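Chemist: Here it is, the structure in full.
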Amino acid sequence: MKDIIVKGGYVYDPLSGVDGERMDIHLSAGKVVEEVPERDAKVIDAKGKTVMPGGVDIHSHIAGSKINLGRLLRPEDHRKDPVPRSKHTRGGVGYSCPSTFVTGYRYAQMGYTSVMEAAMPPIGARHVHEELNDTPIIDKAAFTLFGNNYFTLKYVREGDKEKLKAFMAWLLKVTKGYAVKIVNPGGVENWKWGRNVDGLDGNVEGFDVTPRQVVTMLAEANEELGLPHTIHLHCNNLGIPGNWETTVDTMDAVAGVKPTKGRKNTVHVVHCQFNALDGDSWMTLKSGASKVAKYVNAHPHVTLDMGQVIFTDTTTMTGDGPWQFRLHGLTGNKWVNSDVEMEAGAGVVPYTFKKNNPANAIQWGIGLEIALMVKDPWRVYMTTDHPNGGPFIYYPKVLAWLMSRKARTDTMLESNKAVMKKTSLAGNYREYTFNEVAIVTRAATAKVLGFKDKGHLGVGADADVSVYDVDPSKWRPSQYAEIERAFRLASYTIKGGEVVVKDGEVTSTPLGSTYWVKAETPPELEQELVKELEADFKKYYTVSFRNYPVEDAYLPTQRVVKAQGGVWK
Amino acid sequence: MTVFTDVVCPFCGCLCDDLEVTVEDGHVKGVKNACGISRSKFLNHEKNRLEAPTVDGVEVPLEKAVDAAADILSTSMRPLVYGLSSTECVAIAKAVELAELAGGVVDNTSSVCHGPTILALQQVGESKTTLGEVKNRADLVIFWGSNPSQAHLRHIIRYSGMAKGRFIPNGRKDRYIVAVDIRKTGTTRLADEYVKVEPNRDFELLQALRAAVRGHELLAESVAGVPREKVTELAERMKTAKFGIVFFGLGLTQSEGRHMNIDAAVGLVAELNNHTKFLLTPMRGHYNVGGANTVTTWQTGYPYAVDFSRGYPRYNPGEYTSIDMLARGEADSALVIASDPVSTFPAGVVRNLAKIPVVTLDHKVTPTTMLSKVVIPVATAGVEAEGTAYRMDGVPLRLSKLVEPREGVHSDAEVLEMMIKRMGGRAY
Amino acid sequence: MEVSFKLNGVEIEDTFAEGFGMWGTRLIITAASRKWANTAAAEMTGFATSVIACDCEAGVEAEIPPEESLDGRPGTAVMVFGFSAKKLATALLNRLGQCVLTCPTTAVFNGLPEEMADAMIDVGKSVRFFGDGYQVKMRMGDGWEARQRFWRIPVMEGEFLVEEKVGAKKAVAGGNFLVMGETEAATLEASERAIEAIHSVPYVITPFPGGLCRSGSKVGSTYAFLRASTNTPFCPAIKHSLKDSQVPEGVNSVLEVILNGLDEPSVKKAMGVGIEAATKVEGVKWITAVNFGGKLGKYQLHLKDCVGGS
Amino acid sequence: MKKLILVPKEVTAIPVEAEVISPTVIAGRTLDEVQRLNVYQGKVKLTLADHFDVTGEVAETPAEQIIVVDGDAPHVKYMGAAMDAGRLVVKGDAGMHTGSQMAGGELTVEGSAADWAGAEMKGGVLRIDGDARHLLGAAYRGSSEGMTGGCIVVGGGVGSEAASFMRRGMIVVKGDTAPFTGVHMNGGEILVFGRAGKRLGAQAKGNGGFMACFGGVEELLPTYMYDTTYSPTFMRLYLRQLAETLNVEEALRYLDKPLKRYRGDLAVGGNAEILIAEP
Amino acid sequence: MSKLKVTLVSGRTAQQGIGLEEGKTSDNYVKSVNHVQLCPEDAAKMKLKEGDAVSVETRHGSVVVNWRPSKELEGGMVFFPYGPWANQVYGYETEGTGTPIFKGIEATVAPTKGKVKSIEELVKSLGGDRK
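Residue numbers (our numbering), protein chains in the order written: chain A, 1 to 569; chain B, 570 to 997; chain C, 998 to 1307; chain D, 1308 to 1586; chain E, 1587 to 1717.
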């Protein structure tokens, strides 16, 4: 592979403190290096262009049974976005549930080089990894579902945090997972009886624990294990007006958890828009963004992502079974439910966010409000919770809204008046800078995920670089269409030191790596745990304990991240 | 002698994973925990094997057979790739890639079994679960148009009927089993209640049940041969169960109504979720037909009946499904992988298959290999080759390689890869 | 009476009837038989002579033969006039609800196509609620012919069908002329002939009883509380009791023909044929019209024009 | 109106995809360009002239264009698909997806049409003088929007699942219908003058839609409830319009026939109507 | 000798599963699928004896097969295990779904002097004579 010099672009590398300086980036052997000799290198002229580290998406649904159920469910969605094969690429389909190949291509075309699959049911982990292996170019990791796992609930009930930690380490290892994902803790377990859990202090049936206990203990265990990322939490009561209170209560429940060495935060609250609703019903819905933002601004232990709504036809899919049934009831749309024995569940329902729908307009406003009202860009990240709020291909649109008040106003004027009345968005004048965009799309996400080599362009970083055709020295917020255009199709995307996208077209499709986390467990404890697990597996699972772990064959390009600074009793 | 434990059975959609297989001198000598069919599969896998690659019935070296196969697919205008339900997932992925490369149609056996289930899912959705929740919670189990006693021999024991679980400590005793069928079977005998439905009338009964669940009184004295009182009673039983599940089979998908029968069943189950927890799960036949749908879906967006002739995937059962393609005489060549359409397709369609060049990858002699132009012997997945298979409920499991295939015999995936290379693929 | 001209030997005063603007609508009531179509129409147009004390002015315009109606049943065209579009809508809805919806076998169709109308009154908007949730919106002709929308409302007898929107138009009211004869009998006969002729003209109705008003009316009264009173100058019985009687010599009975129409030409034409018909009756002496010197309305319907145009 | 004539050169087993046979696509081009428009046979890309003898005149706008396919074309798919104006006449049989997604204009098939004719139709008139096969005017897989406008008149019978997920528009069938006509219907009108097949209106929610059967019904679902026998005025409107504007003369025979009214599908809490003429 | 009108149902059997894993050309497989199952009363009506062949006919085709009694079946219903013999009597119309009807088909069954074809003969009769 030839060395590469990305020459003369405006570089935004917030982690290295570089804010729009014109400089050259040198790449060699898949890494950023001090300098390579120009005569042997491929020189990419980035003059007048924006250069950033490759994008890092902290929360997306790209692989596994849930998105695949979405694909299966929606031929009518695929049909409107066919993707023909080319010399370098496979054919496929796009839009809200893109095929795996197209997922990889389109992320790369937007300059993204790492994407996190946000929900992996352990028993379906093989499926996730098989799909990740068919998702080209980008680096990936998957977050293992813990919040409704039988063993999690059992150890929480028993108050056995050490066993819980051992279980977490074990499950991450056998599923090749990267982080601890919690979805509607307790709610999905109750959904196995067709019910939900009644908020943070409701009862999880059959275990007599509360979501508060589950979240708190998982957060403590997560930090004591020294996992690279905090718990990744989808709060209770998602999509229910008035839920901002649950969200803030949940954040506060982990306020006392001591973060692991080297960071301040202990919880990442996902797609916050869906959990920042105020009012008593969909009729009286209003924004709860300011209340959530107020708490977040005062509490450094919380990070968020937006879950921005896009006005389009999309496919909602979450591990939150009871919510999806509710949404099916609200819309009358077709509904897929998929319960996963002992550990999780999922639901899929197509949904159209409409500009003229007051609730949708408010939701659209809430996402942006959160991103604009949380002052520290290092703690709020750009997502659409793909494909829940909208397909990831609309990220450039979200960036335009963040960077241009005119973009927001123009959309607001086309939308239901409720967004003016029930959110404070119209009065918000903040406009993201290029540097802030780099923070919320790569630098901060890489940092909070614990990726040392990603999200920056310092020497030693992965040679993941995106070059966008927009001149930040000339760009003005009124030219927001330029942002959409430039960020939709990158001039160059370089992945691992290889040019994978040129002028918006995929030119090469290497298989990226899959990251997973290994946390050391005291051997005796692990043995004891395995004995317990094996006994319960025999009784309650339908697969044998031996067949549960994901074999190495499913990780041809794995990269193992070791948990640092674990604390055991 | 080697004993392999926790072996996954590559026969039916149950994908039992507790088998113990004894291997001696590279041959399977014994199987424990297996059902009769599974035992037959392991113990007889070496019988009636294809001896060597052939072209027009003449033995040729593998490369020649691959060349001939690649030529057929490259030169035809409308190649059909079919089968895939009895092999592992890498082979399925390669078959999709090959179909794309050849600009043809890729279809799998679900088009003649649970294709209608998928059509219904696409219309109205589906509410399903992995089998463990049935084992742990189901106090009402309904087999509708399915007969595990003959087709999924350990289903009732491992997952649905006898299985003991968290909230079903006494297994069979804690469950009420209903079997809905047009005839008595081993399954109806085992059930607490047998509901005899007239042939081709399942749709009416499902609709009546749903209406009853919604609280409507039926005017008809009986529906589909089932008295009104019994319909109401069954509806009530469903509403008051703690956790109910419907396992449906080809009795619904292969009789009049097809996908609409499933549409009705899905609707009934969705309706019941307003009252209690109710789910349904199709009884998938071939062990990896689930995988065929799953892989094809993640690669193309569509589960079967995918056409690549325009360079991107298009989907339309009834148009790009094998039966229809062959019935219209539209396919001008076929590649059959891990399937035996001659034994499973109506004769009228087989006659058309016999008119076109067919390439077949199989491990055994079948009626399909008998009428194929090119035949390439392959390893038996799950015995001689490893890979992933998806259980009827979507749980992926790893098939083992227990013995080496005969020398010169490769897995489906390897042979397909050779064909892809030969056709100039892998530019990506 | 200074200026006049003669028609068929009858003196026609060269004056004008003073018309004024109103909003008018036209609808067609069909029913299983002519009897029921007419019954509904009569009921609907009852107590609708003058907006002085009625909510609207209404009358039957014409009978529609089955082959010309949309549903192939006998129909009756009815026109309703109100002082504003809003008042018209209110009156129309009340009358539809009380008189037509209730009448056996009827259905209601718009009689004033959208291209002729100045506005469309959404009848379905309120009438449909009578269906109590069981009303059905009927969409006819999507993408194939002109789109039409109806409401089907279940009623005890069967189903009431009503077109969702009916056309309304700025129209002309107050067309009139006075028939003056030697005898009561001659005057009545001449007036009846006039009405008959008027009904041959489309888009015109005569809202008063049988089309005729015997009282006439003048604005105000000697009684302060009364807005209108008998048209004293034209009452033969008190001819010599007042100074400004306008009853010509030899006239012993006067009847007023009053008509409303969708536009000025229709009204004029109707007046013309009406006057013509009246003059053919023996014993008719004079024809004149009522006006208020242009104070009441903007339309001056000169009898000379009307007759000339007929 | 300018007339373009396409004569199919042969009927092939491998179908030809020719969505270019549409006034909307053809108008405004030169004859030469028209001849070079792409059609597809299997994986092979060809030109219109490879499959048809192309003669005649091309109009400036679709509205002024008549296309005549002069012969049987049962193997040609997508003729008139998405056309929005003008006329297309197929003087024989037509292949799959004929007139699918058409939005305007007039398409006449003088023979029979294969599956998915008029699928997802939005407007215009599609006449099929012979039979139509399955999924006439239906929705695409997974979509809940079938026909949303326009009118289909079939002279013969129709196959299964005609008008599935219908939302608006009208389908008139002079012959018999197969099972599941009007399945998941959510608006629109279906009028059948032959015998209506089983499971009519299954899963129909109604939403103002009705199915009228004038030639008897094979069997109704148990989840349709009989209400009454009556002669609703509205049906007279349809019947007269059918006779006057669509030349469905037989409609007038039923003007005074009482109709039995059924409502359902109760399984989905629907209020779709099935109206059956008394014999 | 009388014809019997029946409803034909096909399906899987464990025997057929066991047989096919041995091989489609194995005796076990052939035996498991080259017969129909009738209720004893229906067999008696047709005066069928053990070892007799029957001809099964539908509007799509006909085939000669063996018969076996089955107590589980009621009169008027015939069970035909999935396989090449059963396929002779099914149609291929899928009504736009891709799936033919394999269950609940109107058929007639009658005693016959005809011979049950071997698997090779059957394949050959379908045009498959490449070997």
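All C-beta atoms, glycine included, are put in the ideal place defined by N, C-alpha and C. Every value quoted in this text rests on a predicted model; they were computed, and no experiment measured them.
#1: Please tell me whether residue 1396 of chain D and residue 1405 of chain D are closer than 9 angstroms, where the distance is taken between their beta carbons.
#2: What are the boundary residues of the beta strand (DSSP E) that residue 1697 of chain E is part of?
#3: Tell me residue 623 of chain B's beta-bridge partners as DSSP assigns them.
#4: Along the stretch 1528-1540 of chain D, what residues have a CB closer than 8 angstroms to any CB found in chain B?
#5: Taking residue 471 of chain A as the reference, which of A:11, A:548 and A:72 has the closest Cα?
#6: Can you give me the start and stop residues for the alpha helix (DSSP H) that residue 983 of chain B sits inside?
#7: Less than 9 angstroms between CB atoms is the rule here; does residue 1515 of chain D satisfy it with respect to chain A?
#8: For residue 534 of chain A, which residues in chain B fall below 9 angstroms Cβ to Cβ?
#9: Any idea if residue 1153 of chain C is buried or exposed, counting beta-carbon neighbours within 10 angstroms, 16 or more meaning buried?
#10: For residue 901 of chain B and residue 921 of chain B, what's the separation of their Cα atoms in angstroms?
#11: For residue 107 of chain A, name the three-state secondary structure that DSSP assigns.
#12: Mind listing the chain A neighbours of residue 867 of chain B? Cutoff is C-beta to C-beta under 7 angstroms, in chain order.
#13: Need the endpoints of the beta strand (DSSP E) that residue 1095 of chain C sits in, please.
#14: Among A:249, A:493, A:394 and A:525, which has the Cα closest to the Cα of residue 216 of chain A?
#15: How big is the Cα-Cα spacing for residue 1262 of chain D and residue 1485 of chain D?
#16: Is it right to say residue 754 of chain B is buried, meaning 16 or more other beta carbons lie within 10 angstroms of its own, or is it exposed?
#17: What three-state label does DSSP hand residue 168 of chain A in the structure shown?
#18: Could you tell me the boundaries of the alpha helix (DSSP H) in which residue 492 of chain A lies?
#19: How would you list, in chain order, the residues of chain E whose beta-carbon sits under 7 angstroms from the beta-carbon of residue 1438 of chain D?
#20: Using beta carbons (cut-off 9 angstroms, strictly below), is residue 1467 of chain D in contact with chain A?
#21: Taking 9 angstroms as the threshold (beta carbon to beta carbon), is residue 1549 of chain D in contact with chain E?
#22: Tell me which residues of the stretch 764-776 of chain B have at least one Cβ-Cβ distance to chain G shorter than 7 angstroms, keeping chain order.
#23: As an exercise, report each continuous alpha helix (DSSP H) stretch of at least 4 residues that is fully enclosed by the stretch 309-344 of chain A, in chain order.
#24: Near residue 398 of chain A, what residues of its chain come up, given a Cβ to Cβ distance below 7 angstroms and the 5 sequence neighbours on each side ignored?
#25: Which residue's Cα is closest to the Cα of residue 154 of chain A: A:141, A:174 and A:205?
#26: Which residues bound the beta strand (DSSP E) around residue 1002 of chain C?
#27: Just the C-alpha distance for residue 588 of chain B and residue 547 of chain A, rounded to the nearest angstrom, thanks.
#28: I'd like to confirm the pairing. Which residues does DSSP put opposite residue 1648 of chain E in its beta bridges?
#29: Using a Cβ-Cβ cut-off of 9 angstroms, state whether residue 1717 of chain E counts as contacting chain D.
#30: In three-state terms, what does DSSP make of residue 1331 of chain D?
#31: Three or more beta-carbon pairs under 8 angstroms between the stretch 356-367 of chain A and the stretch 328-345 of chain A, yes or no?
#32: Who are the near neighbours of residue 1096 of chain C in its chain, counting only those whose CB is closer than 6 angstroms to its CB and skipping five residues on each side?
#33: Apply the 10 Å Cβ neighbour rule to residue 283 of chain A and answer buried if 16 or more other Cβ atoms are within range, or exposed otherwise.
#34: So, is the C-beta of residue 1036 of chain C closer than 9 angstroms to a C-beta in chain D?
#35: With a CB to CB cut of under 6 angstroms and the five nearest residues on each side skipped, what residues in its chain are close to residue 313 of chain A?
#36: Taking a Cβ distance cut-off of 8 angstroms, strictly less, list which residues of the stretch 885-916 of chain B are near chain D, in chain order.
Modeler: The short version:
#1: Looking up residue 1396 of chain D in the fourth sequence gives position 89. Looking up residue 1405 of chain D in the fourth sequence gives position 98. Cβ atoms of residue 1396 of chain D and residue 1405 of chain D: not closer than 9 angstroms.
#2: As a first step, residue 1697 of chain E is located in the fifth sequence; it is residue number 111 there, counting from the start. For residue 1697 of chain E, the enclosing beta strand (DSSP E) stretches over residues 1689-1698.
#3: As a working mapping, residue 623 of chain B is identified with position 54 in the second sequence. According to DSSP, residue 623 of chain B bridges with B:628 and B:944.
#4: Flagged, chain order: 1528, 1529, 1530, 1532 and 1533.
#5: As a first step, residue 471 of chain A must be located in the first sequence, where it is residue number 471. Residue A:11 is the option with its Cα nearest to residue 471 of chain A.
#6: Sequence index remark: in the second sequence, residue 983 of chain B carries index 414 (1-based). Here the alpha helix (DSSP H) through residue 983 of chain B covers 981-991.
#7: Counting from 1 along the fourth sequence, the entry for residue 1515 of chain D is found at position 208. Interface annotation, residue 1515 of chain D: not in contact with chain A, CB-CB separation never under 9 angstroms.
#8: Along the first sequence, read from residue 1 onward, the residue named residue 534 of chain A stands at position 534. One finds nothing in chain B with a Cβ atom closer than 9 angstroms to the Cβ of residue 534 of chain A; even the nearest lies about 12 angstroms away.
#9: Against the third sequence, residue 1153 of chain C aligns to sequence position 156. Classification of residue 1153 of chain C: exposed, given that the 10 Å Cβ count is below 16.
#10: Numbered from 1 along the second sequence, position 332 holds the residue referred to as residue 901 of chain B. Numbered from 1 along the second sequence, position 352 holds the residue referred to as residue 921 of chain B. In this structure, the CA atom of residue 901 of chain B is about 10 angstroms from the CA atom of residue 921 of chain B.
#11: Here residue 107 of chain A refers to the residue found at position 107 when the first sequence is read from its first residue. In this structure, residue 107 of chain A counts as helix in the three-state DSSP scheme.
#12: On the second sequence, position 298 is the one that residue 867 of chain B refers to. Within 7 angstroms of the CB of residue 867 of chain B, the CB atoms of chain A belong to 68, 71, 99, 100, 131 and 134, in sequence order along the chain.
#13: Position 98 of the third sequence, counting from 1, holds the residue named residue 1095 of chain C. Note, residue 1095 of chain C: premise wrong, no beta strand (DSSP E); not H, not E.
#14: To locate residue 216 of chain A, count along the first sequence from 1; it is residue 216. Nearest to residue 216 of chain A by C-alpha distance, out of A:249, A:493, A:394 and A:525, is A:249.
#15: The question about residue 1262 of chain D has no answer, for chain D in this structure spans 1308 to 1586.
#16: In the second sequence, counting from the first residue as 1, residue 754 of chain B sits at position 185. Taking every protein chain shown into account, the CB of residue 754 of chain B has 16 or more other CB atoms within 10 angstroms, so this residue is buried.
#17: Position 168 of the first sequence, counted from the first residue, corresponds to residue 168 of chain A. Here residue 168 of chain A sits in helix by DSSP.
#18: Your numbering for residue 492 of chain A matches position 492 in the first sequence. No alpha helix (DSSP H) contains residue 492 of chain A, which is instead part of the beta strand (DSSP E) from 492-495.
#19: Mapped onto the fourth sequence, residue 1438 of chain D falls at position 131. None at all; the shortest Cβ gap to chain E is about 14 angstroms.
#20: For the purposes of this step, residue 1467 of chain D is taken as residue 160 along the fourth sequence, with counting starting at 1. No, its Cβ sits nowhere closer than 9 angstroms to a Cβ of chain A.
#21: One-based indexing of the fourth sequence puts residue 1549 of chain D at position 242. No, residue 1549 of chain D does not count as interfacial toward chain E.
#22: As a matter of chain content, chain G is missing from the structure shown, whose protein chains are A, B, C, D and E.
#23: Counting only runs that start and end inside the stretch 309-344 of chain A, the alpha helix (DSSP H) elements of at least 4 residues fall at 321-331.
#24: In the first sequence, the residue the question calls residue 398 of chain A occupies position 398. Non-local beta-carbon contacts of residue 398 of chain A in its own chain, meaning distances under 7 angstroms to residues more than five positions away in sequence, involve 308, 382 and 384 in chain order.
#25: By one-based count along the first sequence, residue 154 of chain A stands at place 154. Of the listed residues, the one whose Cα sits closest to residue 154 of chain A is A:205.
#26: Stepping through the third sequence from its first residue, residue 1002 of chain C is reached at position 5. Here the beta strand (DSSP E) through residue 1002 of chain C covers 1001-1004.
#27: On the second sequence, position 19 is the one that residue 588 of chain B refers to. On the first sequence, position 547 is the one that residue 547 of chain A refers to. Rounded to whole angstroms, residue 588 of chain B to residue 547 of chain A spans 11 angstroms at the Cα level.
#28: Position 62 of the fifth sequence holds residue 1648 of chain E. Checking the DSSP bridge columns, you'll see residue 1648 of chain E partnered with E:1643.
#29: As a position in the fifth sequence, residue 1717 of chain E is number 131, starting the count at 1. Here the model assigns residue 1717 of chain E a pLDDT of 44, short of 50, so the residue's position is not dependable, and the following value carries that caveat. No, residue 1717 of chain E lies away from the interface with chain D (no Cβ there is under 9 angstroms from its Cβ).
#30: Numbered from its first residue, the fourth sequence carries residue 1331 of chain D at position 24. Three-state result, residue 1331 of chain D: helix.
#31: These segments do not touch.
#32: Taking the first residue of the third sequence as position 1, residue 1096 of chain C is located at position 99. Once the five neighbours on either side are set aside, the close Cβ partners of residue 1096 of chain C are 1040 and 1041.
#33: Within the first sequence, numbered from 1, the residue matching residue 283 of chain A stands at position 283. Label assigned to residue 283 of chain A: exposed.
#34: Sequence index remark: in the third sequence, residue 1036 of chain C carries index 39 (1-based). It does not; no Cβ of chain D falls within 9 angstroms.
#35: The residue given as residue 313 of chain A occupies position 313 in the first sequence. Sequence-distant Cβ neighbours of residue 313 of chain A in its own chain, meaning closer than 6 angstroms and more than five residues away, are 352.
#36: Residues passing the 8 angstroms Cβ filter: 885, 886, 887, 888, 897, 898, 899 and 901.
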